[in-house]
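**Student:** Got a structure for you, questions after.
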Amino acid sequence: MNDREDANIRPGRERELASLYATARSLTALGDVDDVLDSIVRHAHDLIGTDFTYLSLLDDAGVLRITASEGTISAGFRSAHITPGTGLGGKVLESRAAHWVGDYRTAGELQHDPAFDAVVGKEGLVALLGVPLLVRDEVIGALFAADRSERRFRADEIALLSAFADHAAIALDNARLYEESRGALAELRSAYRTIEEQMVVMERTQSVHEALTGAVLAGGGPQVVASELAERMGGEVVILDRNGRLLARGGAGEPSDEEPEGGMRAEVIKRARSTGRAATTTGAEGRRHSAATIRAGDSLLGTVVWSQYQEPSAMDVRSLELATHVVGLLMLKDNAAADAADRLSGELLTELIVASPHVSGTQRTRARSRGIDLDALDVVVTAEADGGSAGELVRHLHVIARQEAGLAGEHLGHATLIAAAADAEGFARTVQQRLRTELGRPVVAICERVTGHDWARAFSRATRCMAVARHLGWTDLGAATDRFALYALVFDVDRKDELDRFLTDAIGPLLAYDAGRSTELVATLSAYFSNDGHLRRTADALQVHLNTLLKRLERISAVLGHDWRATDDLSLRLAVRLEGLRNAVQP
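Everything in the sequence shown is counted per the numbering used here, starting at 1382 for the first residue and increasing by one.
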């Protein structure tokens, strides 16, 4: 391609990209699934410029059904479906990649479905391009662009429709999640109204219930519920989460050093959780503690504890139990919103790492909408725990990310947090201690400083340093990579050539000998140094006869070309150690 042709094509591609990002942004503003589907095909139609476009989604039976179209003529086509494994759609789904045919009717490489071919004939479909819709690496459907005359699809058209499909799949998934959350909330409200109809109890119980409901519908949270309940029932009301942490406290309860889960409260909470009903106990000074659990099905969400000096009546206990329904509704709503926010947080984290150091305007806008300043995110933390999955760690990292105006997620199998911190070492210790407390087992957290938005480099250094720390035997640690500066040759990818040169100079002949003859001279040397040159212990560690060990040591001297045991072996020891660490951090 000459400069003049390139100059002619570039403005067109720039306009296409600008249109792609503009339409992708408009999709994110939609919440209803049907609106998103219609918007996808409409924008794709305008973007690609073919005669018509349509979108098909997989149903539960694996059948690809057309759910939205633009530019089509026949009603039969708009309601058509494609059986599994047939047509261009079957090929797109099976390969998870874009495919096209210049003439669908004569495409012999496709397995044709007679019913769909009949619909195709009525619509006049000839040339067809299909790209997959992928959500979290799962195919949910396909997007198609079609012409009524034979043609070839260019590479830039395929790339443009594929890029739009990626954005469209995310928007569709977000809309589904929003609709599911909205439906779940509607179901909860419906269930709550059913409960309300059955609660024909004393006037005070109904009054308390109505007051709490009004407070929630007005936008109040757990603190408003606790205060309202304490005002109407007297005493002190405490709301705890499933782990016994304080969420809200209401009323003028007597000052006490007693923790919410301590003393008599701990006893009554335990009884309420075991029975599933409200329970009451009396403290040493005559103070009554009543507890009722907050549940959603079989899941425990938390506990409401009411403390006062009067013997609680049956309607008081009923009011307390009703309060748990209100708080449960609040928690479920908040959890659904938090789950959606956490998923989006993880997606943005991955995008930033993959694209770094480039930061797009769209990414900045998405971050600002979450109250995050991307320019301030200057540390990357990775965490691991024995017996704990990355997903489990990520759930706790999301809490820290929300508090620190950062991002959390799982990237390449590693639990990862991007945040702002003046002191990388101190921040790593804080994250490690919080995770250790939450999980109840040792955790290793490694923090690396970010420069110039290069989160990818910081992530690589942190994860490789993590492998080094684990190989060195650390199982419970919060530290910055600076703590392991001695081993930076291993985990700093920018110093790979430097490490290779050092190892080649020090033990290159041994490495070549092992590779060419499948021997274990380097491993033998490592065991020898690890056992401080004690021959018997070294032989036992290698599980070989002493004579075999002696022959290996002689071979090492022969390969190296000098009596390494009679000279300063510091560089040799260091090289063997670094080679072991390099193997530990290999992906």
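Even glycine gets a Cβ: it sits at the ideal position worked out from N, Cα and C.
(1) Of all the alpha helix (DSSP H) runs that stay within the bounds of the segment 1927-1957, which reach a length of 4 or more residues?
(2) Taking C-beta to C-beta, are W1687 and L1710 nearer than 7 Å?
(3) Between which residues of its own chain and R1817 is the CB-CB distance below 6 Å, once the five residues before and five after are set aside?
(4) Would you check if the segment 1794-1810 and the segment 1860-1867 touch, i.e. whether three or more CB-CB distances between them fall below 8 Å?
(5) With a threshold of 16 other CB atoms inside 10 Å of the CB of H1943, please say whether the residue is buried or exposed.
(6) What do you reckon, are the CB atoms on G1511 and V1473 nearer than 7 Å?
(7) Using 8 Å for Cβ pairs, my map puts G1984 next to L1438. What's the rounded Cβ distance?
(8) Helix, strand or coil for V1520 per DSSP?
(9) Tell me, which residues are paired with C1828 by DSSP?
(10) Between which two residues does the beta strand (DSSP E) containing A1789 stretch?
(11) Where does the unbroken alpha helix (DSSP H) through E1819 begin, and where does it stop?
(12) With a 10 Å radius around its C-beta and 16 neighbouring C-beta atoms as the bar for buried, classify E1829 as buried or exposed.
(13) Would you mind reading off the limits of the alpha helix (DSSP H) that contains R1459?
(14) Let me know the secondary structure DSSP gives R1535 once reduced to three states.
(15) Taking only three categories from DSSP, how would you classify I1799?
(16) Mapping the DSSP letters down to three states, classify Q1579 as helix, strand or coil.
(17) Counting pairs of beta carbons, one from the segment 1794-1805 and one from the segment 1759-1767, are three or more of them closer than 8 Å?
(18) Cα separation between S1608 and A1449?
(19) Do R1557 and V1520 have their C-beta atoms closer together than 7 Å?
(20) For E1490, is the classification buried or exposed, using 16 other Cβ atoms within 10 angstroms of its Cβ as the cut-off for buried?
(21) How is Q1689 classed by DSSP in three states: helix, strand or coil?
(22) In whole angstroms, what separates the C-alpha of E1648 from that of R1623?
(23) Nearest by alpha-carbon distance to R1864: which of D1427, G1772, A1826 is it?
(24) First and last residue of the alpha helix (DSSP H) that includes R1613?
(25) Could you say which of W1481, L1703, R1838 lies nearest to R1533 if we only look at CA atoms?
(26) Does T1431 come out as helix, strand or coil in the three-state DSSP assignment?
(27) Out of R1613, V1966, H1852, point me to the one whose CA is closest to M1696's CA.
(28) Should H1915 be labelled buried (16 or more other beta-carbon atoms within 10 Å of its own) or exposed?
(29) My understanding is that I1454 touches L1436, with C-beta atoms under 8 Å, so please give their C-beta distance in whole angstroms.
(30) To the nearest angstrom, how far is the alpha carbon of S1841 from that of G1616?
(31) My understanding is that S1726 touches A1837, with C-beta atoms under 8 Å, so please give their C-beta distance in whole angstroms.
(32) In the DSSP output, which residue or residues are listed as bridge partners for D1528?
(33) Taking 7 Å as the cut-off, decide whether the C-beta atoms of A1887 and L1953 are in contact.
(34) Among T1929, A1496, E1531, which one has its Cα closest to the Cα of T1487?
(35) Give me the Cα-Cα distance between G1505 and A1527, rounded to the nearest whole angstrom.
(36) Assign N1964 to one of two classes, buried (16 or more other C-beta atoms within 10 Å of its C-beta) or exposed (fewer than that).
**Tutor:** By the coordinates alone:
(1) 1927-1941
(2) What you label residue 1687 is simply residue 306 of the sequence shown in a count that begins at 1. What you label residue 1710 is simply residue 329 of the sequence shown in a count that begins at 1. Contact flag unset, no.
(3) Stepping through the sequence shown from its first residue, residue 1817 is reached at position 436. Excluding residues within five positions, the ones whose Cβ falls inside 6 Å are V1824.
(4) yes
(5) On the sequence shown, residue 1943 is found 562 positions in, with the first residue counted as 1. By the neighbour-count rule (16 or more Cβ atoms within 10 Å), H1943 is not buried but exposed.
(6) Counting from 1 along the sequence shown, the entry for residue 1511 is found at position 130. Counting from 1 along the sequence shown, the entry for residue 1473 is found at position 92. In this structure, V1473 lies closer than 7 Å to G1511 by Cβ.
(7) Since the first and last residues shown for the chain are 1382 and 1968, residue 1984 lies out of range.
(8) Translated into the one-based positions of the sequence shown, residue 1520 becomes position 139. Of the three classes helix, strand and coil, the one that applies to V1520 here is strand, per DSSP.
(9) Translated into positions along the sequence shown, residue 1828 becomes position 447. C1828 pairs with V1762, A1861.
(10) To locate residue 1789, count along the sequence shown from 1; it is residue 408. Segment 1788-1792, the beta strand (DSSP E) holding A1789.
(11) Taking the first residue of the sequence shown as 1, we reach residue 1819 at position 438. For E1819, the uninterrupted alpha helix (DSSP H) run begins and ends at 1805-1820, by DSSP.
(12) Indexing the sequence shown from 1 puts residue 1829 at position 448. With 16 or more other Cβ atoms within 10 Å, it is buried.
(13) In the sequence shown, residue 1459 corresponds to position 78, counting from 1. Per DSSP, R1459 belongs to the alpha helix (DSSP H) from 1456-1459.
(14) Position 154 of the sequence shown, counting from 1, holds the residue named residue 1535. The answer is coil: DSSP assigns R1535 none of H, G, I, E or B.
(15) Position 418 of the sequence shown, counted from the start, is the residue given in the question as residue 1799. Strand.
(16) For this step, residue 1579 is matched to residue 198 along the sequence shown. Residue placement at Q1579 is poorly supported in this model, since its pLDDT is 48, which falls under 50; the coordinates still yield a value, given next. Of the three classes helix, strand and coil, the one that applies to Q1579 here is helix, per DSSP.
(17) Contact holds: three or more Cβ-Cβ distances are below 8 Å.
(18) The residue you call residue 1608 lines up with position 227 of the sequence shown. The residue you call residue 1449 lines up with position 68 of the sequence shown. Whole-angstrom Cα-Cα distance: 50 Å.
(19) Start at 1 with the first residue of the sequence shown, and residue 1557 comes out as number 176. Start at 1 with the first residue of the sequence shown, and residue 1520 comes out as number 139. Not closer than 7 Å, so no.
(20) In the sequence shown, the residue the question calls residue 1490 occupies position 109. Result: exposed.
(21) For this step, residue 1689 is matched to residue 308 along the sequence shown. Three-state result, Q1689: strand.
(22) Here residue 1648 is taken as the residue at index 267 of the sequence shown, counted from 1. Here residue 1623 is taken as the residue at index 242 of the sequence shown, counted from 1. About 15 Å.
(23) The residue labelled residue 1864 in the question sits at position 483 within the sequence shown. Of the candidates D1427, G1772, A1826, the one whose C-alpha sits nearest the C-alpha of R1864 is A1826.
(24) Taking the first residue of the sequence shown as 1, we reach residue 1613 at position 232. Counting along the chain, the alpha helix (DSSP H) containing R1613 begins and ends at 1603-1614.
(25) What you label residue 1533 is simply residue 152 of the sequence shown in a count that begins at 1. Nearest of W1481, L1703, R1838 to R1533, Cα basis: W1481.
(26) The sequence position of residue 1431 within the sequence shown is 50, counting from 1. In the structure shown, T1431 sits in coil (DSSP, three-state: anything other than H, G, I, E or B).
(27) One-based indexing of the sequence shown puts residue 1696 at position 315. Selected option, being the one with the closest Cα: R1613.
(28) For the purposes of this step, residue 1915 is taken as the residue at position 534 of the sequence shown. Within a 10 Å sphere around the beta-carbon of H1915 sit fewer than 16 other beta-carbons, which makes this residue exposed.
(29) Residue numbering aside, residue 1454 sits at position 73 when the sequence shown is read from its first letter. Residue numbering aside, residue 1436 sits at position 55 when the sequence shown is read from its first letter. Actually they do not touch by this definition, with Cβ atoms about 17 Å apart.
(30) Against the sequence shown, residue 1841 aligns to sequence position 460. Against the sequence shown, residue 1616 aligns to sequence position 235. The straight-line gap from Cα to Cα measures roughly 55 Å.
(31) Mapped onto the sequence shown, residue 1726 falls at position 345. Mapped onto the sequence shown, residue 1837 falls at position 456. Actually they do not touch by this definition, with Cβ atoms about 18 Å apart.
(32) For the purposes of this step, residue 1528 is taken as residue 147 along the sequence shown, with counting starting at 1. According to DSSP, D1528 bridges with A1508.
(33) For the purposes of this step, residue 1887 is taken as the residue at position 506 of the sequence shown. For the purposes of this step, residue 1953 is taken as the residue at position 572 of the sequence shown. Taking 7 Å as the Cβ cut-off, A1887 and L1953 qualify as a contacting pair.
(34) Working through the sequence shown from its first residue, we reach residue 1487 at position 106. When only C-alpha atoms are compared, the closest one is E1531.
(35) Within the sequence shown, residue 1505 is the residue found at index 124, counting from 1. Within the sequence shown, residue 1527 is the residue found at index 146, counting from 1. Roughly 10 Å between the two C-alpha positions.
(36) Working through the sequence shown from its first residue, we reach residue 1964 at position 583. Exposed, since its Cβ has fewer than 16 Cβ neighbours within 10 Å.
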